[in-house]
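FYI, my numbering numbers position 144 of the sequence shown as 291, with every residue one higher than the one before it.
Where a beta carbon is used, it is the ideal one built from N, C-alpha and C, also for glycine.
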Amino acid sequence: MRDDGTLDDPYAPSSPTTETEEGTSAERTTAASRLRAYARDLTGRRRAQVALATGVVCCLGLTAVAQVRDETAGAATRADSSTELAQRAEQQSASRSLDRAATPSATPSASATSADPDTTARARKVASAQPTDPAPVVGLSDDQMENAEAIVNTGRKMGVPRRGLVIAVATAMQESNLYNVASGVLPESQNYPHQGVGWDHDSVGLFQQRSSSGWGPVGRLMDPEFATRQFLSALEQVPGWQQMRLTDAAQAVQVSAYPEHYQQHEWRATRVVDAIVPAGR
């Protein structure tokens, strides 16, 4: 109860508050300022965030652009490298092709050809020492001509002069008619290749040589080359054989009962040798 006898309002403030219009206005001004400051601060923060986000996006964009540029440049570089490698491979392939194409048609230079005259001389000598197989002449059969070639080729290997080749062929013409003959008296001789059988004691082969007289083993005497070597080796031991008549030279080796029979074959033997080894070779 107040002094004036009125009851206190239980819901009234415990102390009186005096509000003036000026106080209220000041409070509102302060609150508004605070709100504006907060708004400015919030706006600033948002701008900073936006700027930061924008910067990040820009950086990412620049990075992506740089990567794209790098990849593009790398692809271009690889393409250039591949093109260069392909061009080099093509050039090398073309070079190898030219080498292969040029090799067969290449001819030795004059200096290379003349650098080794000994090689050229040997090549000519070998070529001249290998006569071609001629057709049979003077009525001979193929077998007879082959046997004549065996005599001539063997004599040339031995270095026997042409005159000795003619004597040897003429002697075989007389002794065996240029056939490699075995002996009916010596059955062993028939075990070797032969072209007929004779009956003149144990005489065998192209020159009818006798093993019992020391000419050599039967099997060797049935070999045309060995038989020819035996005859020509004996002929070369005869003094002055190149100046003798053909029949005398042959008889000096064969010691035949008919010494003059060899002479009749000289012209045929000469024709045969000329056919096998042309004159001048």
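Could you please give me the residues that DSSP links to Ala329 through a beta bridge?
Val344
Report the rounded CA-to-CA distance for Asp395 versus Pro334, giving the unit in angstroms.
Cα to Cα, the separation comes out at about 32 Å.
Counting Cβ pairs closer than 8 Å, one from the stretch 398-410 and one from the stretch 373-390, do we hit at least three?
Contact between the stretch 398-410 and the stretch 373-390 is present, because at least three Cβ pairs lie under 8 Å.
Would you say Val365 lies against chain C (beta-carbon separation less than 8 Å)?
Absent from the structure is chain C; it holds one protein chain and no more.
As assigned by DSSP and simplified to three states, the class of Leu403:
Before going further, note that residue 403 is Ser rather than Leu in the sequence given. The answer is coil: DSSP assigns Ser403 none of H, G, I, E or B.
In its own chain, which residues sit with a C-beta less than 6 Å from the C-beta of Val344, not counting the 5 before and 5 after it?
Here the set comprises Ala329, Gly331.
Give me the residue from Val424, Lys304, Ile298 with the minimum Cα distance to Asn327.
Ile298
Own chain residues within Cβ distance below 6 Å of Asp349, not counting five before or after:
Hits under 6 Å: Ser330, Val332, Leu333, Arg357, Ser359.
Please report the distance separating the alpha-carbon of Pro425 from that of Pro406.
29 Å
Taking only three categories from DSSP, how would you classify Arg357?
strand
Determine the burial state of Arg415: buried for a count of at least 16 other Cβ atoms within 10 Å of its Cβ, exposed for fewer.
buried
Distance, Cα to Cα, Trp388 vs Pro308?
11 Å
Proximity winner among Pro364, Arg392, Ala422, relative to Gly311 (alpha-carbon distances)
Of Pro364, Arg392, Ala422, the residue nearest in Cα terms is Arg392.
Opposing strand residues paired with Val351 [DSSP bridges]:
Gln356
According to DSSP, simplified to helix, strand and coil, what is Asp290?
helix
Take Glu383 and list the residues in its own chain whose beta-carbon comes closer than 8 Å to its own, dropping the five residues that flank it on each side.
Val307, Gly311
Local Cβ density within 10 Å of Val419, reported as buried at 16 or more and exposed below that:
buried
Measure the alpha-carbon distance for Leu322 versus Lys304 and round it to whole angstroms.
The residue you asked about is not Leu; residue 322 is Glu in the sequence shown. Answer to the nearest angstrom: the Cα atoms are 23 Å apart.
Taking only the alpha-carbon atoms, compute the straight-line gap between Gly314 and Trp346 and give it to the nearest angstrom.
The amino acid at residue 314 is misidentified as Gly; the sequence shows Ile. Approximately 24 Å, taken between the alpha carbons.
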